[in-house]
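Below is one structure, written out as structure tokens, with a few remarks after it.
There are 2 protein chains.
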Amino acid sequence: MSKLHWEDFEPGRVFEYGPRRITRDEIVAYAAEFDPQPFHLDADAARTTMLGGLAASGWHACCLLMRMSADSFVLNASSMGAPGVDEVRWLAPIRPDDELTLRTTVVEARPSRSRPDVGFVKFRFEMFNAAHVPVMTLTASLMMGRRGAGAAA
Amino acid sequence: MSKLHWEDFEPGRVFEYGPRRITRDEIVAYAAEFDPQPFHLDADAARTTMLGGLAASGWHACCLLMRMSADSFVLNASSMGAPGVDEVRWLAPIRPDDELTLRTTVVEARPSRSRPDVGFVKFRFEMFNAAHVPVMTLTASLMMGRRGAGAAA
Numbered sequence: 060m061s062k063l064h065w066e067d068f069e070p071g072r073v074f075e076y077g078p079r080r081i082t083r084d085e086i087v088a089y090a091a092e093f094d095p096q097p098f099h100l101d102a103d104a105a106r107t108t109m110l111g112g113l114a115a116s117g118w119h120a121c122c123l124l125m126r127m128s129a130d131s132f133v134l135n136a137s138s139m140g141a142p143g144v145d146e147v148r149w150l151a152p153i154r155p156d157d158e159l160t161l162r163t164t165v166v167e168a169r170p171s172r173s174r175p176d177v178g179f180v181k182f183r184f185e186m187f188n189a190a191h192v193p194v195m196t197l198t199a200s201l202m203m204g205r206r207g208a209g210a211a212a
Numbered sequence: 060m061s062k063l064h065w066e067d068f069e070p071g072r073v074f075e076y077g078p079r080r081i082t083r084d085e086i087v088a089y090a091a092e093f094d095p096q097p098f099h100l101d102a103d104a105a106r107t108t109m110l111g112g113l114a115a116s117g118w119h120a121c122c123l124l125m126r127m128s129a130d131s132f133v134l135n136a137s138s139m140g141a142p143g144v145d146e147v148r149w150l151a152p153i154r155p156d157d158e159l160t161l162r163t164t165v166v167e168a169r170p171s172r173s174r175p176d177v178g179f180v181k182f183r184f185e186m187f188n189a190a191h192v193p194v195m196t197l198t199a200s201l202m203m204g205r206r207g208a209g210a211a212a
């Protein structure tokens with residue numbers, strides 16, 4: 060199977076993925092390890108908070124977005140990782156048994172100035188629940204190998 | 060123990076935390092679940108990549124930052140979560156057995172316009188390895204309860 064290269068990420072191209080179900084057990088297990096704030100750990104404690112009930116950590120949502128984008132297109136691309144993330148917005152709570160979908164849009168593609176075998180692709184990620192309410196948006200650039208660039212191909 | 064409230068986060072205040080060791084098993088387990096790109100999963104595959112060897116997923120680093128900040132001050136504060144993240148920069152690879160430390164600086168504190176019991180605190184997080192090389196920076200605002208604001212106190 061031919062991998063996607065920098066040249067394949069034309070601005071406007073869209074990748075759709077999902078649904079991916081998230082369970083109460085996953086939400087609580089993640090929180091216990093990485094984000095043990097009461098509203099991510101315990102339904103009773105969460106009820107009186109701004110979230111109004113148990114909700115996944117925003118960082119857990121980022122991890123799921125990474126996995127969903129990996130399964131959507133990243134593992135089938137000449138990805139070389141990312142220098143960081145430009146912006147994350149947590150827009151609505153993610154609840155136990157939500158069915159999440161991911162829409163990824165190519166925003167911009169530019170060659171690397173220092174490495175002719177590499178290009179940057181800026182993506183806009185939007186995650187939705189089953190009611191198609193956006194729960195998170197995220198903007199980040201990935202480094203991609205360029206076609207015919209030898210080692211990166 | 061009296062919780063930290065919005066009023067306690069004066070610009071310039073610094074919280075230090077760590078070290079927190081990260082193991083090869085943790086790096087690989089995280090990658091297998093959330094970011095199964097070869098350079099986070101397999102030392103041999105990683106050797107020929109830009110990372111030059113096995114390195115933690117940047118998202119794993121974010122999760123560790125969340126946990127370290129929780130143990131540093133968030134769990135002892137009237138945190139109400141965050142609307143998102145302004146910027147993440149992954150500056151250097153995190154390797155198996157790295158000893159990570161976290162320095163958190165209060166950048167800005169402003170009251171909520173819509174909720175008199177809530178304020179926003181903008182933090183600059185810097186994560187270092189044992190050689191004091193910065194491996195990640197992150198900027199995000201947290202919502203904090205204000206002192207004497209009843210339910211949030």
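Taken in sequence, the protein lines are chains S and U.
The opening position of the first sequence corresponds to residue 60 in the working numbering, with each subsequent residue numbered one higher.
The opening position of the second sequence corresponds to residue 60 in the working numbering, with each subsequent residue numbered one higher.
Note that beta-carbon positions come from the ideal geometry of N, C-alpha and C, so glycine has one too.
| query | result |
| --- | --- |
| Residues of its chain near U/TRP118, where Cβ-Cβ distance is below 7 Å and the 5 sequence neighbours each way are ignored | PHE93 and ASP94 |
| Reference S/PRO152, options S/SER61, S/ILE81 and S/GLU66, closest by Cα | S/ILE81 |
| CB contact flag (S/MET139, S/VAL177, <8 Å) | yes |
| Short CB-CB distance (under 8 Å) between S/LEU110 and chain U | yes |
| From S/ASP67, S/VAL73, S/HIS191 and S/LYS62, residue whose alpha carbon lies closest to that of S/THR164 | S/VAL73 |
| Buried versus exposed, by CB contacts within 10 Å (16 or more), U/GLU75 | exposed |
| At least three beta-carbon pairs within less than 8 Å, the stretch 177-186 of chain S to the stretch 62-73 of chain U | no |
| Cα-Cα separation between U/TRP65 and U/LEU134, rounded to whole angstroms | 14 Å |
| Residues of the stretch 136-152 of chain S with Cβ closer than 9 Å to any Cβ of chain U, in chain order | SER138, MET139, GLY140, ALA141, PRO142, GLY143, VAL144, ASP145, GLU146, VAL147, ARG148, TRP149 and LEU150 |
| Delimiting residues of the beta strand (DSSP E) encompassing S/PRO95 | Premise fails: S/PRO95 is in no beta strand (DSSP E) and is neither H nor E. |
| In DSSP terms, what U/ALA136 is bridged to | U/LEU63 |
| Residues that U/PHE187 bridges to, as DSSP identifies them | U/THR160 and U/PRO193 |
| Cβ neighbour criterion (16 or more within 10 Å) applied to U/THR204 | According to the sequence shown, residue 204 of chain U is Gly rather than Thr. That one is buried. |
| Within-8 Å CB hit, U/MET125 to chain S | yes |
| Below-8 Å beta-carbon distance, S/PRO95 vs any chain U residue | yes |
| C-alpha gap between U/ALA168 and U/ALA199, whole angstroms | 12 Å |
| Under 9 Å from the C-beta of U/ALA129: neighbouring residues of chain S | PHE93, ASP94, PRO95 and GLN96 |
| Alpha helix (DSSP H) segment containing S/GLY117, residue limits | 117-131 |
| Cutoff 8 Å: U/LEU100 Cβ touching any chain S Cβ | no |
| Inter-stretch contact at 8 Å, needing at least 3 Cβ pairs: the stretch 122-136 of chain U / the stretch 105-124 of chain S | yes |
| Contact set for U/LEU201: own chain, Cβ-Cβ below 6 Å, skip 5 residues either direction | SER138, ALA141 and VAL180 |
| Minimum C-alpha distance to S/ARG174 - residue among U/MET186, U/LYS62 and U/MET109 | U/MET109 |
| U/ALA102, DSSP secondary structure in three states | helix |
| CB contact check: S/PRO193 to chain U, cutoff 8 Å | no |
| Test: U/GLY117 CB closer than 8 Å to a CB of chain S | yes |
| Proximal chain U residues relative to S/VAL87, where beta-carbon distance stays under 7 Å | Going along chain U, no residue has its Cβ under 7 Å from S/VAL87, so there is no contact; the nearest lies around 15 Å. |
| Exposed unless 16 or more other CB atoms sit within 10 angstroms - verdict on U/ALA212 | Summary for U/ALA212: the model assigns pLDDT 41, below 50, so the residue's position carries little reliability; its value from the coordinates is reported in the next sentence. Counting Cβ neighbours within 10 Å, U/ALA212 comes out exposed, since fewer than 16 surround it. |
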